[in-house]
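J.: Just dropping this structure here.
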Amino acid sequence: MSASSPATSSSTHAATILGTTVSVLSSAAGYMRLPAIASTGVAAVLTSLLYFKQRALIYPSHIPANSRTDVPRPNQYHLKDYEELIIPTSDGEKLSAFYIRGPGSGKGTKGRGSDVTVIMFHGNAGNIGHRIPIARMMIGTTGCNVFMLEYRGYGLSTGEPDEAGLNIDAQTALDYLRERAETRDHKFVIYGQSLGGAVSIRLVAKNQHAGDIQGLILENTFLSMRKLIPSVIPPAKYLTLLCHQVWPSDTWIPGITEVPILFLSGLQDEIVPPTHMRQLYELSTAPTKIWKAFPGGDHNSSVVEEGYFEAVAEFIAQTTGQSVDKEKDSRSTAVDREARAARRAARQ
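Here you go:
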């Protein structure tokens with residue numbers, strides 16, 4: 001039997017960790033469907049659950065198990081050039097974050113690295129460590145830097161999550177990068193998955209006029225929490241006014257008129273109906289808007305669908321002017337192998 005080449009071995013390992021990420025997040029997504037099963041036909045319990053336990057339902061930061069204490073680090077995924085940060089908010093919380101440099105972006109590279117930083121906002125379960133394989137793929141295909149912020153009440157960040165708090169957290173992240181010497185002149189691309197998409201939409205709507213946000217990438221996000229409830233908890237469709245965590249993305253997105261938007265929609269999404277993404281696309285008045293659908297992608301597996309990272313890389317190149325060099329082409333080829341292997345692993 002011949003030995004595997006280093007490239008093949010690396011690709012197989014990367015596929016395994018990306019596939020594991022999808023598996024972990026998919027198991028967490030199952031939590032969202034439990035209330036519908038448990039509450040069917042029990043109006044009083046349902047009303048109490050929706051109003052008083054709403055934050056626990058929307059922000060299950062303890063799922064998967066140990067998510068509040070066990071946070072993987074970038075070096076566990078062969079990303080060596082990074083900083084682990086603690087960033088204070090205006091209301092006294094301390095947020096955990098990773099700043100991961102792209103190739104050639106180190107402090108001693110005399111500016112030869114990327115001047116584009118992708119700011120990632122994740123979905124409602126798990127922590128930033130669970131998304132490092134996604135950041136790794138993004139760095140591999142784009143060469144950009146990646147900043148991963150942990151919401152309050154998630155991972156190693158302090159506090160308790162709610163809509164107002166997460167909006168403060170997002171603004172804190174952007175302000176930090178705008179003031180940080182290494183990134184103050186960078187172009188920013190905001191990337192949000194699911195709940196992170198709602199966080200991202202409001203952030204961009206409020207900050208688009210500064211000119212440093214070059215693009216917004218949305219994956220499998222929703223119109224608003226009130227419009228999502230009937231899909232997640234069908235018996236609660238008449239109780240949506242009890243929802244005080246609103247996340248009205250359908251109200252915010254028409255106001256984004258200066259920033260291009262890429263919409264990434266998994267058509268097999270079992271949590272957020274794909275019609276939500278399509279309606280957000282139709283509501284958008286962005287100067288450029290791109291629709292990319294993944295016929296086999298569900299709520300968490302869209303990232304391993306064919307063409308996902310290629311669409312992201314092309315969008316970032318078009319909106320930021322990020323150049324593609326031979327070294328990056330080589331990285332992209334390797335990452336493409338990883339993505340194909342990850343798709344196979346995720347479906348086994």
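Going by the UniProt record's numbering, the residue at position 231 of the sequence shown is 231; the numbering climbs one at a time, nothing skipped.
Just so you know, even glycine gets a beta-carbon here, dropped at the ideal spot from N, CA and C.
As the structure is a prediction and not an experimental result, all values here were calculated from the model.
1) If we call anything under 7 Å between Cβ atoms a contact, is Leu212 one with Phe188?
2) Within the same chain, show all residues whose beta-carbon is closer than 7 Å to that of Gly321, passing over the 5 residues directly before and after it, in chain order.
3) Compute the distance between the beta-carbons of Gly139 and Gly102, then report whether it is under 7 Å.
4) For Glu83, count neighbouring C-beta atoms within 10 Å of its own C-beta (all shown protein chains included) and say buried if the count is 16 or more, exposed if not.
5) Can you list, in chain order, the residues of its chain whose CB lies under 7 Å from that of residue 364, leaving out five sequence neighbours each side?
6) Going along the chain, which unbroken runs of the alpha helix (DSSP H) with 4 or more residues stay wholly within the region 277-314?
7) Taking buried to mean at least 16 other C-beta atoms within 10 Å of its own C-beta, is Glu93 buried or exposed?
8) List the whole-angstrom C-beta distance separating Gln171 from Leu195, where the pair is believed to meet the contact cut-off of C-beta under 8 Å.
9) Checking 7 Å against the spacing of the C-beta atoms, do Leu166 and Val199 come in under that value?
10) List the endpoints of the continuous alpha helix (DSSP H) containing Asn167.
11) Where do the ends of the alpha helix (DSSP H) carrying Gly196 lie?
12) Measuring CA to CA, which of Leu223, Pro287 and Asn75 is closest to Gln245?
13) Suppose the cutoff is 6 Å on Cβ atoms and the five residues either side in sequence are ignored; what does the same chain contact list for Ala38 look like?
14) Span of the alpha helix (DSSP H) holding Ile229?
15) If we ignore side chains and look at the alpha-carbon of each, how far apart do Asn300 and Pro133 end up?
16) Starting from the C-beta of Asp175, find all residues in its chain whose C-beta is less than 6 Å away, skip the five residues before and the five after it, and write them out in chain order.
17) What does the alpha-carbon distance come out to for the pair Phe309 and His186?
T.: Working from what's here:
1) Residue 212 sits at position 212 when you count from the first residue of the sequence shown. Residue 188 sits at position 188 when you count from the first residue of the sequence shown. First, the residue type needs correcting, since residue 212 is Asp and not Leu in the sequence shown. Note that the C-beta distance between Asp212 and Phe188 is below 7 Å.
2) Counted from its first residue, the sequence shown places residue 321 at position 321. If we look at Gly321 and ignore the five residues flanking it on each side, it has no Cβ neighbours.
3) As a first step, residue 139 is located in the sequence shown; it is residue number 139 there, counting from the start. As a first step, residue 102 is located in the sequence shown; it is residue number 102 there, counting from the start. It is Ile, not Gly, that sits at residue 139 in the sequence shown. Closer than 7 Å, so yes.
4) Walking along the sequence shown from the start, residue 83 turns up at place 83. Glu83 counts as exposed, since fewer than 16 other beta carbons sit within 10 angstroms of its beta carbon.
5) Residue 364 lies beyond the stretch modelled for the chain, which goes from 1 to 348, so this question has no answer here.
6) Correct list: empty.
7) For the purposes of this step, residue 93 is identified with residue 93 of the sequence shown, where counting begins at 1. Of the other Cβ atoms in all chains shown, 16 or more fall within 10 Å of the Cβ of Glu93; this residue is therefore buried.
8) Mapped onto the sequence shown, residue 171 falls at position 171. Mapped onto the sequence shown, residue 195 falls at position 195. That belief does not hold up - the Cβ atoms of Gln171 and Leu195 are roughly 16 Å apart, past 8 Å.
9) Position 166 of the sequence shown, counting from 1, holds the residue named residue 166. Position 199 of the sequence shown, counting from 1, holds the residue named residue 199. Going by C-beta atoms, Leu166 is nearer than 7 Å to Val199.
10) Walking along the sequence shown from the start, residue 167 turns up at place 167. Unbroken alpha helix (DSSP H) run through Asn167: Glu163 to Glu179.
11) Residue mapping note: residue 196 aligns to position 196 of the sequence shown, counting from 1. Judged by DSSP secondary structure, Gly196 falls within the alpha helix (DSSP H) whose first and last residues are Leu195 to Asn207.
12) The residue you call residue 245 lines up with position 245 of the sequence shown. For Gln245, the closest C-alpha among the options Leu223, Pro287 and Asn75 is that of Leu223.
13) Walking along the sequence shown from the start, residue 38 turns up at place 38. Caution is warranted here: a pLDDT of 45 is assigned to Ala38, below 50, making its placement in the model unreliable, and the coordinate value is therefore given only provisionally. Counting only Cβ-Cβ distances below 6 Å, and skipping sequence neighbours, we find nothing.
14) Numbered from its first residue, the sequence shown carries residue 229 at position 229. Met225 to Val232 is the span of the alpha helix (DSSP H), which, as asked, contains Ile229.
15) Locating residue 300 in the sequence shown gives position 300, where the first residue counts as 1. Locating residue 133 in the sequence shown gives position 133, where the first residue counts as 1. A straight-line Cα-Cα distance of about 13 Å links Asn300 and Pro133.
16) Working through the sequence shown from its first residue, we reach residue 175 at position 175. Shown here for Asp175: not one same chain residue has a beta carbon closer than 6 Å to its own, the five before and five after excluded.
17) Reading the sequence shown from its first residue, position 309 is the one you call residue 309. Reading the sequence shown from its first residue, position 186 is the one you call residue 186. Taking the CA atoms as reference points, Phe309 sits about 21 Å from His186.
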